[in-house]
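Colleague: Just passing along the structure, written as structure tokens.
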Ligand code: AMP
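In this note's numbering, the protein residues as written are 2 to 395.
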């Protein structure tokens, strides 16, 4: 459908595929701007269901539910890549979908994603598609060791991937990751100095704005800490923004795209992965005095001018995984964490805390990055009830 270019008026309904924490934060941003939201998610009581006008309890592959959502909303956002692209295509017949199903199909398949990026001239690590042990051996021969073997689809937070350091590891990795003969991708292992991400927004009129790069630290494949501004030279940061702008433009996508990149020793950039939606590394935009990534997405959905993306203060975000609940006996000490200056607590309304499950995050703002980082780690430690290092020494 050809999109109308008038702004969507407050009071209209926006749809969201996915009712996790991202759907929840999109919903809050939309309602703050006067829009109603309808969320499609199979799980009753999911995080977004607690803050949305309507929760459509349905499977992501339910084409009738996708049709209903599209018929009752002026635009639909996806909170994650693994929404069924066929359902998005059905929705796209009657409403605007962010991102377009065409882009979602690229981002949900690592081989398609890297092939597309390379064809468009963007740098990616060396990679090869792997179908069986023989093609894995050939990929290792061509690309070398160490490398990372990943499932081409449905991988997230480091799941569905394994580092291969020596040829002897290959057979077990292949057997573990490809039980159903799904395609795998073998990538060269990048000895990066930093991991960064850039979230770019593109409106229906083609206007583009990026948030300045975020510096990300992962633990066990899951994002652990995000630092803004990233502690890298200006020229690397500018190149990263240019790359993210170029990618969203060349893909002719709309809404948000988060481009995750590796920074190499010589200051070069390689794209690791695309997420065409709000991203965990952008959560701190809720507290840094700029347009948040969620508001920016709503602006693109409603054909409103893109907002300012320059933060007014340094910030550090730390994720709160279910492990903290386990270690604190199910009762994290939120008051102790909130006593740390500059701390903002975000909880996602998940009733069950499991190890590795993202339950919330803390953002700490401060006049400099080093202080924000120290305080954010201190605030997280305090949640476990053991008090900060300084506190214990008193
Ligand atoms: P992904 O799910 O592809 O984003 O991978 C999760 C994390 O694994 C990344 O953030 C990196 O820390 C690490 N990783 C993934 N691919 C590679 C690679 N080719 N080289 C080095 N580290 C990687």
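Where is the CB? At the ideal position from N, CA and C, for every residue including glycine.
Drop a sphere of 10 angstroms on the beta-carbon of residue 309, count the other beta-carbons inside from all chains shown, and report buried for 16 or more, exposed for fewer.
Modeller: Translated into the one-based positions of the chain shown, residue 309 becomes position 308. That one is exposed.
Colleague: Closest to residue 367 by CA distance: which of 316, 276 and 146 is it?
Modeller: Within the chain shown, the letter at position 366 stands for residue 367. When only C-alpha atoms are compared, the closest one is 316.
Colleague: Which parts of the segment 135-211 are runs of the alpha helix (DSSP H), unbroken and 4 residues or longer, counting only runs that do not cross its ends?
Modeller: Correct list: 171-178.
Colleague: Quick one: what's got a C-beta closer than 8 Å to residue 208's C-beta in the same chain, skipping five residues either side?
Modeller: As a working mapping, residue 208 is identified with position 207 in the chain shown. Same-chain partners within the cutoff: 306 and 307.
Colleague: Could you work out which residue in 137, 93, 135 and 81 is closest to residue 110 when comparing CA atoms only?
Modeller: Locating residue 110 in the chain shown gives position 109, counting from the first residue. Measuring from the Cα of residue 110, the nearest candidate turns out to be 81.
Colleague: As a quick exercise: from 369, 191 and 257, pick the residue whose alpha carbon is nearest that of residue 266.
Modeller: Indexing the chain shown from 1 puts residue 266 at position 265. Nearest of 369, 191 and 257 to residue 266, Cα basis: 191.
Colleague: In three-state terms, what does DSSP make of residue 331?
Modeller: To locate residue 331, count along the chain shown from 1; it is residue 330. Looking at residue 331 - three-state DSSP - the assignment turns out to be coil, as it is neither helix nor strand.
Colleague: How should residue 379 be labelled, buried or exposed, when 16 other C-beta atoms within 10 angstroms of its C-beta is the threshold for buried?
Modeller: Taking the first residue of the chain shown as position 1, residue 379 is located at position 378. The residue in question, residue 379, is buried, as its Cβ has 16 or more Cβ neighbours within 10 Å.
Colleague: Run the CB neighbour count on residue 383, radius 10 Å, all protein chains shown included, and call it buried at 16 or more, exposed below.
Modeller: Taking the chain shown and counting its residues from 1, the one referred to as residue 383 is at position 382. Under this definition residue 383 is a buried residue.
Colleague: Got a sec? Which residues, its chain only, sit under 6 Å from residue 214 by beta carbon, not counting five neighbours each side?
Modeller: Stepping through the chain shown from its first residue, residue 214 is reached at position 213. The answer, listed in chain order, is 197, 199, 231, 238 and 241.
Colleague: Following a CB-centred definition, is residue 190 positioned closer than 7 Å to any heavy atom of the ligand AMP?
Modeller: Here residue 190 is taken as the residue at index 189 of the chain shown, counted from 1. At least one heavy atom of the ligand AMP is nearer than 7 Å to the Cβ of residue 190, so yes.
Colleague: Let me confirm a value: residue 277 is counted as buried when at least 16 other C-beta atoms fall within 10 Å, else exposed. Which label applies?
Modeller: Counted from its first residue, the chain shown places residue 277 at position 276. Counting Cβ neighbours within 10 Å, residue 277 comes out buried, since at least 16 surround it.
Colleague: Confirm the yes/no value for this check: CB of residue 277, any heavy atom of the ligand SAM, distance under 7 Å.
Modeller: With respect to the ligand SAM, the structure offers nothing, as its ligand set consists of the ligand AMP.
Colleague: Hey, out of 354, 357, 348 and 333, whose CA is closest to residue 26's CA?
Modeller: Residue 26 sits at position 25 when you count from the first residue of the chain shown. Among 354, 357, 348 and 333, the Cα nearest to that of residue 26 belongs to 348.
Colleague: What does the alpha-carbon distance come out to for the pair residue 376 and residue 386?
Modeller: Your numbering for residue 376 matches position 375 in the chain shown. Your numbering for residue 386 matches position 385 in the chain shown. Whole-angstrom Cα-Cα distance: 16 Å.
Colleague: Measuring CA to CA, which of 22, 115 and 28 is closest to residue 297?
Modeller: Here the question's residue 297 lines up with position 296 in the chain shown. Per the Cα distances, 28.
Colleague: Is residue 359 near the ligand AMP - that is, is its Cβ less than 7 Å away from at least one heavy atom of it?
Modeller: Taking the chain shown and counting its residues from 1, one reaches residue 359 at position 358. No, the beta carbon of residue 359 sits no closer than 7 Å to any heavy atom of the ligand AMP.
Colleague: For the beta strand (DSSP E) containing residue 263, name the first residue and the last one.
Modeller: The sequence position of residue 263 within the chain shown is 262, counting from 1. Run containing residue 263: 256-264, per the beta strand (DSSP E) assignment.
Colleague: Taking three-plus beta-carbon pairs below 8 Å as touching, is the segment 98-107 in contact with the segment 250-260?
Modeller: Flag = yes, the segment 98-107 and the segment 250-260 touch.
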